[in-house]
Amino acid sequence: MEEDSFVDSLTTYDGIYEGEDTYHRCRRSCHHCRRFLAPAKSNNRALSPATTIHELLECHVCSKSMFPPIHQVAESLELPCKYCSLGCMEIFPYYIKLRHDAHCNYRPYSCPYPGSDECSKVGDVPFLVDHLREDHKVDLHVGPTFNHLYVKLNRLEMECAARMLMVFNWYNKYFCLHFEAFHLDIAPVYITFLRFMGDATEARSFSYRLEVGNNGRKLIWEGTPRSIRDSHQKVRNSHDGLIIQRNMALFFSGGDRKELKLRISGRIWKDNSN
Numbered sequence: 001m002e003e004d005s006f007v008d009s010l011t012t013y014d015g016i017y018e019g020e021d022t023y024h025r026c027r028r029s030c031h032h033c034r035r036f037l038a039p040a041k042s043n044n045r046a047l048s049p050a051t052t053i054h055e056l057l058e059c060h061v062c063s064k065s066m067f068p069p070i071h072q073v074a075e076s077l078e079l080p081c082k083y084c085s086l087g088c089m090e091i092f093p094y095y096i097k098l099r100h101d102a103h104c105n106y107r108p109y110s111c112p113y114p115g116s117d118e119c120s121k122v123g124d125v126p127f128l129v130d131h132l133r134e135d136h137k138v139d140l141h142v143g144p145t146f147n148h149l150y151v152k153l154n155r156l157e158m159e160c161a162a163r164m165l166m167v168f169n170w171y172n173k174y175f176c177l178h179f180e181a182f183h184l185d186i187a188p189v190y191i192t193f194l195r196f197m198g199d200a201t202e203a204r205s206f207s208y209r210l211e212v213g214n215n216g217r218k219l220i221w222e223g224t225p226r227s228i229r230d231s232h233q234k235v236r237n238s239h240d241g242l243i244i245q246r247n248m249a250l251f252f253s254g255g256d257r258k259e260l261k262l263r264i265s266g267r268i269w270k271d272n273s274n
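The numbering of the sequence shown is the UniProt record's numbering, which starts it at 1 and goes up by one.
Structure below.
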C-alpha cells in the first residue's frame, strides 16, 4: 500500500514521473556504499517530489551524490522560486532555481546596521526602517539634504568605530548614512558614504553629495549610493565614499585637536540621466 501511495505522488506531479517504472528505477543500489535504497518515507506517508528532491539526489545512507538516472529526474523538474510568496512568479529547472534563489530581487534584505556583531534581522524595507529606529536607535531624517555633527571624544580610538549616523526618508525612499574609522594600509582614515535601502538597479537612479570642511578648507564627494545588498564592509573596502585622513579630520575639527568633531553635510537627488 505504501508503494502505491509513493507511485501516486510521483505520477500526479505534472506528469514528470512515469509511475511504477520510475519507482523501480529509484529502488537501486548506491554506487558508493552498495546499499539497497528505497524511496524515503516520513511518518508512514510518501513525501512529495518537491520535498524529497535532495533525498533523490543523495544517498541517505552514505550522503554521497547519486548517479543518473536520478540526476536526470532532477533536471526535468521545474519549481517555483523560493520567494514566490513575496512576489516572484518565476519558475526554473531545479539547478537553475538554486542559483536564482541566491540572487532573487524579491529575497528579504539583511539589516544594514554595522558593527562588530552583525544583526541577524531580515525583512522588507519598511520592517528594517522600524527595526533600525526601535532596536538600534537610529534617527530618521525627512528630506534630501542633511547636516550632521559627528563627535568622538577619543580621537585615537579606531576599533568599533563603525556607525550608522541616520536614515533619510525622501519620498518614501530610504537611505543610510554611514561613518567608519579604519586603516588604509597603515594610515588611520575615516570614510563616510550613503547606502540605498533597495536593490542595486533602483539605487543607480540616485546620486548624492557629501561635504566635510572647516577653516576655509573643504572635501567633497559625489557618487551613486550602493544598495544595502552590499555590506558596509564591502563598500568600505572598495573605498566608495568620502575618505578623510586623520590629520585632515582633526584639522577640520578645530580647537586643540583632542577630539574629533566633523560636520558632515550633503544632499540626495534623482539622477534623470539614469
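In this text, a Cβ means the ideal position worked out from N, Cα and C, and glycines have one as well.
Pull up the distance between the alpha-carbon of residue i and that of residue j, whole angstroms please.
i    : j    : result
R267 : F251 : 23 Å
L177 : G213 : 17 Å
L153 : I244 : 17 Å
R246 : R217 : 15 Å
E259 : Y94  : 57 Å
G198 : E78  : 29 Å
T224 : A181 : 21 Å
E211 : F193 : 11 Å
D135 : V189 : 29 Å
I91  : N105 : 14 Å
K97  : N215 : 57 Å
L86  : D124 : 10 Å
H183 : I191 : 10 Å
D185 : S265 : 27 Å
Pop quiz: residue i and residue j are said to be a contact at Cβ under 8 Å. What is the actual Cβ separation, rounded to whole angstroms?
i    : j    : result
F196 : F179 : 17 Å between Cβ atoms; not a contact.
S253 : L262 : 6 Å
V129 : Y109 : Going by Cβ atoms, the distance from V129 to Y109 rounds to 11 Å, so no, they are not a contact pair.
E222 : R209 : 5 Å
H100 : C81  : 6 Å
D240 : R257 : So it is not a contact: roughly 28 Å between Cβ atoms.
May I ask which residues mark the beginning and end of the beta strand (DSSP E) holding residue i?
i    : result
K234 : Run containing K234: none in the beta strand (DSSP E); it sits in the alpha helix (DSSP H), 232-237.
S265 : 260-270
H208 : The sequence as given places Tyr at residue 208; His does not occur at that position. Start and end: 206-214.
R107 : Element bounds for R107: n/a, residue is neither H nor E.
V167 : 163-170
D185 : Note, D185: premise wrong, no beta strand (DSSP E); not H, not E.
D139 : 139-142
P93  : 91-93
P80  : 78-80
T145 : 145-152
I220 : 217-223
With distance defined between alpha-carbon atoms, name the residue in the options nearest to residue i.
i           : options                : result
G143        : L132, V122, Y171, D124 : Y171
residue 345 : E202, L184, D185       : Residue 345 falls outside the range modelled here, since the chain spans only 1 to 274, and no answer is possible.
E118        : D240, L132, I264, T224 : L132
N272        : S207, N215, P188, D256 : S207
R107        : F92, K97, S120, C88    : C88
L219        : S227, A200, A249, R226 : A249
H103        : S265, A200, K270, W269 : A200
G255        : I264, K270, V151, W269 : V151
Terminal residues of the continuous alpha helix (DSSP H) containing residue i?
i           : result
residue 275 : With the chain running from 1 to 274 in the structure shown, residue 275 is simply not present.
L250        : 246-253
E202        : 200-203
Please check if any C-beta of chain B sits within less than 8 Å of the C-beta of residue i.
i    : result
V189 : Annotation note: the requested chain B is absent from the structure, which comprises a single protein chain.
Taking contact to mean at least 3 C-beta pairs separated by less than 8 Å, is the segment 140-148 in contact with the segment 229-237? no
For the segment 165-178 against the segment 127-145, are there 3 or more C-beta pairs whose distance is under 8 Å? yes
At least 3 beta-carbon pairs within less than 8 Å: the segment 105-122 vs the segment 219-233: Contact between the segment 105-122 and the segment 219-233 is present, because at least three Cβ pairs lie under 8 Å.
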